[in-house]
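Residue numbers (full-length UniProt numbering): 1 to 322. Here's the structure we're looking at; comments come further down.
Here it is in structure tokens:
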């Protein structure tokens with residue numbers, strides 16, 4: 001009997017040790033800017049659709065949108081704009097094609113991406129609707145400094161500073177917050193803060209319900225590992241390593257305090273953020289809420305799969321509710 005107990009104890013210690021190692025490894029991969037394993041292996045595991053490009057109709061559409069966005073990004077009415085906060089220098093592209101317009105949008109990019117890559121084309125579409133645009137690079141992304149990835153939770157406070165930058169340019173600005181992927185969760189997490197009346201509405205494309213839930217999905221789908229006990233340990237370690245826990249970084253908790261109108265968008269082919277999270281997020285908010293589901297669209301690709309339907313829905317929602 002005593003041998004059985006000893007074997008169970010040794011087995012438990014082994015499982016705990018392996019879980020601590022796995023949790024620490026996962027946090028280093030997921031939450032720090034510079035990680036060679038993510039660059040070489042992890043990115044493809046976590047979001048395989050980014051690596052399955054070919055010459056399909058959708059790939060050609062994506063390339064055309066990228067070209068249009070890059071041209072728009074370099075127009076004479078666009079310039080670099082920086083702020084300093086918490087010892088970091090944060091970058092944005094300030095685009096003012098319509099100086100007399102009071103309509104503004106802040107477009108927020110996704111995980112390990114940057115503003116021009118994800119949002120240049122989106123910015124061009126908003127310009128067609130007489131919007132001025134600010135596109136930030138979140139901290140630890142793009143041209144912004146920093147090493148810790150905020151997953152929207154730290155970024156919500158930076159987004160509030162970008163809102164104030166817009167208001168400094170135009171005190172009567174009517175601002176829409178638009179985000180994709182981690183940018184969508186940044187917007188949702190910001191929605192629970194005390195916002196100026198200039199913010200009129202939110203558009204969020206394929207955002208996760210919480211960092212804890214998103215990492216659990218990634219452990220299961222990409223790493224083929226159980227969320228428990230790895231994620232439980234990671235949640236505790238994260239507070240010390242990056243200054244926030246995975247559970248507190250919650251779109252759902254922040255949306256519960258939101259009263260602004262929100263359009264939720266997701267593609268059913270998303271392998272990075274499960275599209276079912278849209279329903280969790282929608283249920284949490286008490287403001288006006290609408291949804292747009294694009295069948296078979298991969299992560300942050302809904303405006304590539306159905307561009308006309310996508311932007312028609314976005315601007316109809318904004319014109320009606322914002």
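Glycine included, every Cβ here is placed at the ideal spot set by N, Cα and C.
Extent of the continuous beta strand (DSSP E) run through residue i
i, result
"residue 179", "174-180"
"residue 264", "262-267"
"residue 93", "88-95"
"residue 85", "78-85"
"residue 290", "289-294"
"residue 163", "Careful: residue 163 lies outside any beta strand (DSSP E), inside the alpha helix (DSSP H) at 155-169."
"residue 134", "132-136"
"residue 108", "103-108"
Selected residue, minimal CA-CA separation from residue i, among the options
i, options, result
"residue 164", "188, 232, 83", "83"
"residue 121", "302, 218, 316", "302"
"residue 178", "220, 135, 197", "135"
"residue 228", "215, 199, 240, 238", "215"
"residue 72", "116, 62, 31, 63", "116"
"residue 249", "300, 316, 150", "150"
"residue 114", "102, 104, 129, 140", "140"
"residue 123", "105, 112, 110, 111", "105"
"residue 323", "108, 199, 145, 269", "Any property of residue 323 remains undetermined from this structure, which presents the chain solely from 1 to 322."
"residue 322", "166, 221, 173", "173"
"residue 23", "70, 181, 232, 112", "232"
"residue 16", "127, 296, 230", "230"
"residue 210", "223, 187, 195, 224", "187"
"residue 296", "270, 282, 278, 279", "270"
Residue i in three-state terms, based on DSSP
i, result
"residue 229", "coil"
"residue 149", "coil"
"residue 201", "strand"
"residue 257", "coil"
"residue 114", "coil"
"residue 315", "helix"
"residue 236", "helix"
"residue 246", "coil"
"residue 126", "helix"
"residue 32", "strand"
"residue 141", "coil"
"residue 40", "helix"
"residue 272", "coil"
"residue 224", "coil"
"residue 99", "coil"
"residue 387", "Since the first and last residues shown for the chain are 1 and 322, residue 387 lies out of range."
"residue 208", "coil"
"residue 306", "coil"
Proximity below 9 angstroms, CB of residue i to CB of residue j
i, j, result
"residue 90", "residue 158", "yes"
"residue 98", "residue 131", "yes"
"residue 32", "residue 147", "yes"
"residue 137", "residue 92", "yes"
"residue 160", "residue 190", "yes"
"residue 208", "residue 185", "yes"
"residue 294", "residue 265", "yes"
"residue 49", "residue 275", "no"
"residue 217", "residue 273", "yes"
"residue 323", "residue 129", "In this structure the chain extends from 1 to 322, so residue 323 is not present and cannot be described."
"residue 108", "residue 183", "yes"
"residue 110", "residue 19", "no"
"residue 195", "residue 27", "no"
"residue 65", "residue 307", "yes"
"residue 38", "residue 30", "yes"
"residue 235", "residue 225", "no"
Span of the alpha helix (DSSP H) around residue i
i, result
"residue 64", "57-73"
"residue 300", "Residue 300 -> no alpha helix (DSSP H), and no H or E assigned at all."
"residue 340", "This structure cannot settle anything about residue 340, because the visible part of the chain is limited to 1 through 322."
"residue 44", "43-46"
"residue 193", "Note, residue 193: premise wrong, no alpha helix (DSSP H); not H, not E."
"residue 281", "277-284"
Neighbour flag for residue i against chain B, beta carbons, 9 angstroms
i, result
"residue 41", "No chain B appears in this structure, which consists of one protein chain only."
At least three beta-carbon pairs within less than 8 angstroms, the segment 248-260 to the segment 281-291: yes
If you pair each beta-carbon of the segment 230-247 with each one of the segment 176-195, do three or more pairs fall below 8 angstroms? no
If you pair each beta-carbon of the segment 192-210 with each one of the segment 310-321, do three or more pairs fall below 8 angstroms? yes
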